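Residue numbers (the numbering used here): 1 to 384.
What follows is a single structure, written as structure tokens, with notes after it.
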Amino acid sequence: MKPFTFDTPGSMHMEWGSARRLGELLASRFEQRNLLIVTDKFLHENGLLDPAKESLKAQGFTVSVFDDVVADPPEAVLMQCVDRAKSAGADIVLGLGGGSSMDVAKLVAVMLKSEQPLSELYGIGNVKGERAPLIQVPTTSGTGSEVTNITILTTGETTKMGVVAQQLYADLVLLDGELTVGLPAGATAATGIDAMVHAIESYTSAHKKNPLSDALAKEALTLLTNNLITACTDGSNRAAREAMLLGSNLAGQAFSNSPVAAVHALAYPLGGHYHLPHGLTNALMLGPVLRFNMAAAAPLYAELADHLLGKSDADVATRSAAFVEHMQDLMNRSGAPQRLRDVEVTEESLPTLAKDAMLQTRLLQNNPVEVTEADALALYKEAF
Ligand SMILES: [Zn+2]
């Protein structure tokens, strides 16, 4: 067997409504009692945190909340959060929200314990020493950030940089489907498709695909494809919400070990130039990239078709086409915007986007088919 490594957070707990007894869950696992919650204004102000906070206080925790996280968090937001954590004397950090809040929480936990400046943390494996205890609680079913070891920060007008380190894996991940019930249909669709992209790109990743990431990606796709439409059309459906949350989590574990590729590489410039949500940009690029990757990934798509649609004696071309068609059909029915023009991307900007996509070498190297700048432009034109 080809050698491989698989890393993931130490512990997960899945339970509907478990955020309501967060204090009890944390008190039994951690000694620290001065907790900082890292979240965004919307979640804080709509009261989603209140039961969790009460439960923490009842267990003797001192709780501070930093709610200034924004999408695509800039460095300044992280540094404000670190200052808040230090001035509050926090010794344990909890990220609650979408990918941005959880990403910020990861680095706050590191910077509470370390004197290393942020500029030294960027890159792979540059974090030295230990971090403060870290708990992650996702409120969307998409990013999988609760189980990844990467934080992406916005460093300039359209530029981003990442910190990748073993220390960014959480100590505990809490999956409470009840927290995702309020997510509107549009965001449910976009984040759910993003999670599907994580599973697909992990399964077809060029170098680090392995038996564990494959098993997780397949189970993630089963959960996500069977429940996406119900979660979008009937947001309070408990079974669908839990399946999406678990599917997103499994896909996150898969791509944290077998990384994503061209869909994400082409999605990032759209986020950078147009400030579109991560999930939406991935949803917009999935169809064209799936068709482009068919040249090399058809046998893997055929395996996924067998897994999702049942075994068939048809040839690889037919089965892989059935897989791509199935994904496209789900996206069409999800109600997510389908074309770049629908989200006000201009045709004139496509060459700039293609040029920027070429900078995503970390992601492009994982794609099963090489992507040139001309290919990227053709993919954006197809998506337009
Ligand atoms: Zn993604």
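Where a beta carbon is used, it is the ideal one built from N, C-alpha and C, also for glycine.
A quick note: this is a predicted structure, and the numbers were derived from the prediction, not measured.
Is it buried or exposed, ILE292, if we count other Cβ atoms within 10 angstroms and call 16 or more buried? One point to set straight first is that residue 292 is Phe, not Ile, in the sequence displayed. Note on PHE292: 16 or more other CB atoms within 10 angstroms of its CB, so buried under the neighbour-count rule.
What separation, rounded to the nearest whole angstrom, lies between the Cα atoms of ASN367 and CYS81? Rounded to the nearest angstrom, the two C-alpha atoms are 35 Å apart.
With C-beta atoms as the reference, is PRO117 less than 7 Å away from PHE30? no
Contacts around GLY95, its chain only, beta-carbon distance under 6 Å, and the 5 residues preceding and following it disregarded: VAL38, SER101, MET102, ALA105, GLN136
Cβ neighbour criterion (16 or more within 10 Å) applied to ALA422: Any answer about residue 422 is impossible in this case: the structure gives the chain only from 1 up to 384.
Identify which residue in LYS381, THR225, LEU224, ALA267 has its Cα closest to the Cα of ARG341. LYS381
Bridge partners for PHE66 per DSSP, in chain order? VAL38
Report back the beta-carbon spacing between PRO51 and ALA27 to the nearest angstrom; my notes put them in contact at under 8 Å. With a Cβ gap of about 16 Å, PRO51 and ALA27 do not count as contacting.
Would the stretch 236 to 248 count as touching the stretch 334 to 350 if we require 3 or more Cβ pairs under 8 Å? no
Could you check whether the stretch 285 to 302 touches the stretch 137 to 154, counting it as contact only if at least three pairs of C-beta atoms, one from each stretch, sit closer than 8 Å? no
Nearest-angstrom Cα separation, counted from LEU300 out to PRO259: Computed Cα separation, rounded: 16 Å.
Which residues DSSP lists as bridging GLN136, in chain order: GLY95, VAL173
Quick one: grab the DSSP three-state call for HIS207. coil
Considering only residues of the stretch 308 to 378, which uninterrupted alpha helix (DSSP H) runs meet the minimum length of 4 residues and lie entirely inside it, listed in chain order? 316 to 334, 350 to 357, 361 to 364
Going by the CB atoms, is the gap between THR151 and GLY97 shorter than 7 Å? Contact: no.
Exposed or buried, which one is HIS13 when buried takes at least 16 other CB atoms within 10 Å? exposed
Proximity below 7 Å, CB of THR188 to CB of CYS232: yes
Roughly how many angstroms lie between the CA atoms of GLU157 and LEU112, to the nearest whole one? 27 Å
Expressed to the nearest angstrom, what Euclidean distance is found between the alpha-carbon atoms of PRO184 and GLY235? 8 Å
Name the DSSP bridge partner or partners of LEU153? MET161
Do ASN282 and ligand 1 come close, with the Cβ less than 6 Å from some heavy atom? yes
Residue span of the beta strand (DSSP E) that contains HIS422, given as start and end: Residue 422 cannot be examined here, being either before or after the span of the chain that is shown, 1 to 384.
Below 7 Å CB to CB, which residues in the same chain sit around ASN282 once its five sequence neighbours on both sides are set aside? Once the five neighbours on either side are set aside, the close Cβ partners of ASN282 are ILE193, ASP194, VAL197, VAL263, HIS264, ALA267.
LEU179 versus GLY17 - alpha carbon distance: 8 Å
State yes or no: is the C-beta of ASP194 nearer than 6 Å to some heavy atom of ligand 1? Checking every heavy atom of ligand 1 against the Cβ of ASP194, one is found closer than 6 Å.
Taking VAL65 as the reference, give the member of LEU56, ASP72, ALA71 with the closest Cα. LEU56
Look up GLY279 in the DSSP assignment and say whether it is helix, strand or coil. helix
If you compare alpha carbons, which of GLY129, ARG241, VAL345 is closest to ASP176? ARG241
Taking the Cβ atom as the reference point for each residue, do TYR122 and VAL69 lie within a distance shorter than 7 Å? no
Beta carbon of ASN93 nearer than 7 Å to that of VAL108: The question names Asn, but residue 93 in the sequence shown is Val. In contact: VAL93 and VAL108 (Cβ atoms closer than 7 Å).
Around the C-beta of ASP40, are 16 or more other C-beta atoms found within 10 angstroms, so that it is buried, or is it exposed? buried
Buried or exposed for GLY310, please, with buried defined as at least 16 other CB atoms from any protein chain shown within 10 angstroms of its CB. exposed
Hey, quick one: how far does the alpha helix (DSSP H) through MET79 stretch, first residue to last? 75 to 87
Close-in-space but distant-in-sequence residues of the same chain around LYS209 (CB under 8 Å, 5 per side omitted): Excluding sequence neighbours, LYS209 sits near SER202, TYR203, SER258.
Exposed or buried, which one is HIS278 when buried takes at least 16 other CB atoms within 10 Å? buried
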